[in-house]
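Numbering (this note's numbering), first residue to last: 17 to 268.
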């Protein structure tokens, strides 16, 4: 496992995270589990083998394992590269006619990545305390190209369209993060303040149009990159912002 490290404030100093786990109230979502990469791969192997562990123990029924890998709801566009559906805890995508399932996650200064090809019975796991997207992308590229012999899943191309930028400014909040979106001239800016762990560090970045209701996060900080989306337009205002795969509700 990887000990979380954070960079509080603007000094650039990196220290071990004072927060070990996410709130124990969400333990059912896996927030307090600690394991090695090999243990995580054994977990993936069990799911790819109908709920039976490599030791031959039945952990869950084959029906339950299959149901978890069945698409339950569509993801918002550009939520996660290579995935467009959500099962029960699994992100799901079909790439080059091969089913891909996976689930990435993070706590305070620690990141975990896991993707599986159930039909091929292969998977990879990465546990790291580096926020670098380049690291996870290099591991993913090696897995698809060298292990699976498949092209690497890519992000859909930008789509043209017009947005009413006045629908987006406001304050959004969830259990872990405060997100403020403001308009300045013809553009949008976003500031993010985590509520735990790295709570003293506020990140402010510009947002560039990518496709309708979706914006590129213009940041050199590896912990805040990718694309942000808005959803739930009501009375001319977005009710949610999607940062990563988490929705944050408008509170003001």
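Glycine included, C-beta positions come from ideal geometry on N, C-alpha and C.
Name the DSSP bridge partner or partners of residue i?
i: residue 205; result: 198 and 222
i: residue 130; result: 141
i: residue 249; result: 254
i: residue 149; result: DSSP, once it has assigned bridges, lists no residue as partnering residue 149.
i: residue 186; result: 197
i: residue 243; result: 232
i: residue 101; result: 90 and 108
Report the rounded CA-to-CA distance for residue i versus residue j, giving the unit in angstroms.
i: residue 86; j: residue 28; result: 43 Å
i: residue 269; j: residue 221; result: Any answer about residue 269 is impossible in this case: the structure gives the chain only from 17 up to 268.
i: residue 152; j: residue 183; result: 34 Å
i: residue 77; j: residue 155; result: 31 Å
i: residue 71; j: residue 49; result: 21 Å
i: residue 158; j: residue 171; result: 17 Å
i: residue 268; j: residue 189; result: 9 Å
i: residue 32; j: residue 177; result: 44 Å
i: residue 62; j: residue 55; result: 11 Å
i: residue 264; j: residue 113; result: 33 Å
i: residue 202; j: residue 224; result: 10 Å
i: residue 65; j: residue 106; result: 15 Å
i: residue 210; j: residue 23; result: 12 Å
i: residue 187; j: residue 136; result: 44 Å
i: residue 235; j: residue 73; result: 46 Å
i: residue 219; j: residue 69; result: 43 Å
i: residue 133; j: residue 108; result: 10 Å
i: residue 185; j: residue 206; result: 9 Å
i: residue 80; j: residue 117; result: 15 Å
i: residue 231; j: residue 119; result: 23 Å
Taking buried to mean at least 16 other C-beta atoms within 10 Å of its own C-beta, is residue i buried or exposed?
i: residue 147; result: buried
i: residue 164; result: buried
i: residue 266; result: buried
i: residue 141; result: buried
i: residue 229; result: buried
i: residue 238; result: exposed
i: residue 191; result: exposed
i: residue 30; result: exposed
Between the beta-carbon of residue i and the beta-carbon of residue j, is there less than 8 Å?
i: residue 35; j: residue 124; result: yes
i: residue 143; j: residue 128; result: yes
i: residue 95; j: residue 261; result: yes
i: residue 82; j: residue 139; result: no
i: residue 226; j: residue 169; result: no
i: residue 181; j: residue 166; result: no
i: residue 233; j: residue 240; result: yes
i: residue 131; j: residue 20; result: no
i: residue 47; j: residue 38; result: yes
i: residue 258; j: residue 245; result: yes
Taking contact to mean 3 or more Cβ pairs, one atom from each stretch, closer than 8 Å, check whether the stretch 100-110 and the stretch 73-92 are in contact.
Yes: the two stretches touch, three or more of their Cβ pairs being nearer than 8 Å.
State whether the stretch 248-265 contacts the stretch 195-205, with contact taken as three or more CB pairs (one from each stretch) at a distance under 8 Å.
Per the Cβ contact rule, the stretch 248-265 is in contact with the stretch 195-205 (3 or more Cβ pairs under 8 Å).
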